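Here the structure comes first, spelled out in C-alpha cells, and everything after it is commentary.
In the numbering used here, the protein residues as written are 1 to 240.
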C-alpha cells in the first residue's frame, strides 16, 4: 500500500510496488515461518483499492518465526509479532487477541509433536503493537494478560512506568504518551521459563524518536529451566 491523505483522513492506496504487514528482523537463523490474518469482512483489497484507516477494518494479522538459538546455547524460540486494531478497547481488538492466542496454541501443539521431554520444546515470545496500555480494561492487553501463563516482561523486570511511553515518539510523548507496545513470555509448568531482568523504552537520542511514530521497547531476557528440573540460564538480548 501507499499512504495518502485527503479530507476524509488517512488513506492507504493499494499498489503492487508496496505491501502492508509485519516484519521480524533477527541475527539468528530462521528455522520456520508462519503467518495468519485476522478475520475481517469485505472483499480482498486489489491494486488501486483504497482503505480508509479510521473507518475500515485494516488487514492485520500475526507473523511467527522459529529462531535457531544454538549459538546462544538455548533451545529454539517462536517469536510472534502482531499488530492489533487501532480501535482501543473494542470488540475487534479483543477478538484479534483471542485469535492470535488460539493460533499460538496450535503452534505449541505442533511443536510438541514427537518431543517427550517438555524442556526440549521451543519457548514462545509474543510482541507487538497492542494499541492498548496495561491499565485498559476490555482491551487486547487485558485478553492476553488474563491468561496467567503469559507474563508481561515489563512487569517481570519491575521496570518503571513513569516516563516510559512508547507512543507517540515525538514531542512530549515520553511524559504524556502511553506504552502500547508490549512483550509477553509464555510460562508453562515443566517447560523453560522466560524471565526478564531489564526492560525499557528506547529514547536515548533524536534518532530513536525519528525512526517511527513509536519508540522501540528493549528487553534483556533469561530462559530458566523449571526449578524442578536441572537449572540452567540462557541469556538472550531482544529488541521489539
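From the three backbone atoms N, C-alpha and C, an ideal C-beta is built for every residue, glycine too. None of these values were measured; they are calculated from a predicted model.
Per DSSP, reduced to three states, the secondary structure at residue 197 is strand.
Residue environment: residue 164 is assigned as buried (16 or more neighbouring CB atoms within 10 Å of its CB, all protein chains considered).
The stretch 87 to 101 and the stretch 138 to 151 touch, with three or more beta-carbon pairs separated by less than 8 angstroms.
Within 10 angstroms of the beta-carbon of residue 201 lie 16 or more other beta-carbons, which makes it buried.
The DSSP assignment places complete beta strand (DSSP E) segments of no fewer than 3 residues inside the stretch 71 to 155 at 77 to 83, 123 to 129 and 150 to 152, in order along the chain.
Within the DSSP bridge table, the entry for residue 179 names no partner. The closest CA to that of residue 105, considering only 223, 188 and 40, is found on 188. DSSP places residue 207 inside the alpha helix (DSSP H), whose first and last residues are 206 to 210. Secondary structure note for residue 57: it is in no beta strand (DSSP E), with a DSSP letter that is neither H nor E.
Looking from the CA of residue 128, the closest CA among 224, 219 and 57 belongs to 219.
With a cut-off of 8 angstroms on Cβ pairs, the stretch 165 to 177 is not in contact with the stretch 191 to 198, counting fewer than three such pairs. The alpha-carbon of residue 68 is positioned some 14 angstroms away from that of residue 25. Counting other Cβ atoms within 10 Å of its Cβ, residue 23 stays below 16 and is therefore classed as exposed.
When C-alpha distances from residue 153 are compared across 205, 186 and 30, the shortest belongs to 186.
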